[in-house]
Amino acid sequence: MNILIVYATNSGGTQIASQSIQEVLTGKTHTVVVKQAAQTSPPELGQYDLVILGSPSWDYEGQEGLPHADFIDLIKKCQGTTFEGKKFAVFGLGDSSYTHFCGAVNHLEEFVTSVKGTKSGESLKIDGFYFNQEKNTELIRSWTEGLSQTLV
Ligand SMILES: Cc1cc2nc3c(=O)[nH]c(=O)nc-3n(C[C@H](O)[C@H](O)[C@H](O)COP(=O)(O)O)c2cc1C
131 MNILIVYATN SGGTQIASQS IQEVLTGKTH TVVVKQAAQT SPPELGQYDL
181 VILGSPSWDY EGQEGLPHAD FIDLIKKCQG TTFEGKKFAV FGLGDSSYTH
231 FCGAVNHLEE FVTSVKGTKS GESLKIDGFY FNQEKNTELI RSWTEGLSQT
281 LV
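Read in order, the letters of the sequence shown correspond to residues 131 to 282 in our numbering.
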């Protein structure tokens, strides 16, 4: 299966998480490309069998729990586009000390629904990635194993 992981990051955690996901899926003989949200486009998303979206949650102009600004831009660019039946999966990094813990995941799930995509598996919310990187990397790997089982 051809898989695209689209991520954005501020302090590098979501990039590291994306690489772990890539590693696991490549081991399952999938072809996996990792791209930053700012460097992809709606037509490119259309070229893959599965698109995995990963974003930290952030706070812009006092509004918490938003996706990274590059995802906000990508979502805008996708307005009017549909990806009928295309598989999507969503993960996010956040911090449970915020009221809207991993709110970006909810926004990205709404995006998937709005473009008529199909969600593969449950989304993943990672709390305090760098505070326990080893345990969180294990969580990410096991989530990816579960995701790969939903792919046919
Ligand atoms: C200014 C700022 C705002 C944040 N807002 C939220 C938030 O609303 N919800 C949340 O769960 N985490 C929030 N976080 C935590 C980050 O999402 C978390 O540190 C994440 O791991 C960063 O990922 P990155 O390393 O890929 O940038 C915020 C962090 C900062 C510094």
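For every residue, glycine included, the Cβ atom is placed at its ideal position computed from N, Cα and C. Keep in mind the model is a prediction, meaning the values are calculated, not measured.
Query raised in the report: Which stretch, first to last residue, makes up the beta strand (DSSP E) that contains leucine 254?
Result: 254 to 257
Query raised in the report: Rounded to the nearest angstrom, how far is the Cβ of tryptophan 188 from that of leucine 196, given a contact under 8 Å?
Result: 6 Å
Query raised in the report: If you measure from the CB of asparagine 236, is any heavy atom of ligand 1 nearer than 6 Å?
Result: no
Report task. Apply the 10 Å Cβ neighbour rule to asparagine 266 and answer buried if 16 or more other Cβ atoms are within range, or exposed otherwise. Result -> buried
Query raised in the report: Between the stretch 229 to 243 and the stretch 154 to 166, do at least 3 Cβ pairs fall closer than 8 Å?
Result: no
Query raised in the report: Grouping DSSP H, G and I as helix and E and B as strand, with all else coil, what is lysine 246?
Result: coil
Requested in this report: Any chance you could list the residues with Cβ under 6 Å from a heavy atom of ligand 1, keeping chain order?
Outcome: Thr139, Asn140, Ser141, Gly142, Gly143, Thr144, Pro186, Ser187, Trp188, Asp189, Glu194, Gly195, Leu223, Gly224, Asp225, Tyr228, His230, Phe231, Cys232, Gly233, Phe259
Requested in this report: Note down, in chain order, each residue of its chain lying with its Cβ closer than 7 Å to the Cβ of tyrosine 178, except the 5 sequence neighbours on either side.
Outcome: Asn132, Ile133, Leu134
Requested in this report: Inspect the CB distances between the stretch 146 to 163 and the stretch 199 to 211 and report whether three or more fall short of 8 Å.
Outcome: no
Query raised in the report: Roughly how many angstroms lie between the CA atoms of phenylalanine 273 and glycine 210, to the nearest whole one?
Result: Position check: residue 273 holds tryptophan in this sequence, whereas phenylalanine was assumed. C-alpha separation (whole angstroms): 31 Å.
Query raised in the report: In whole angstroms, what is the alpha-carbon distance linking phenylalanine 221 and cysteine 208?
Result: 19 Å
Requested in this report: Pick helix, strand or coil for glutamine 166, following the three-state DSSP scheme.
Outcome: strand
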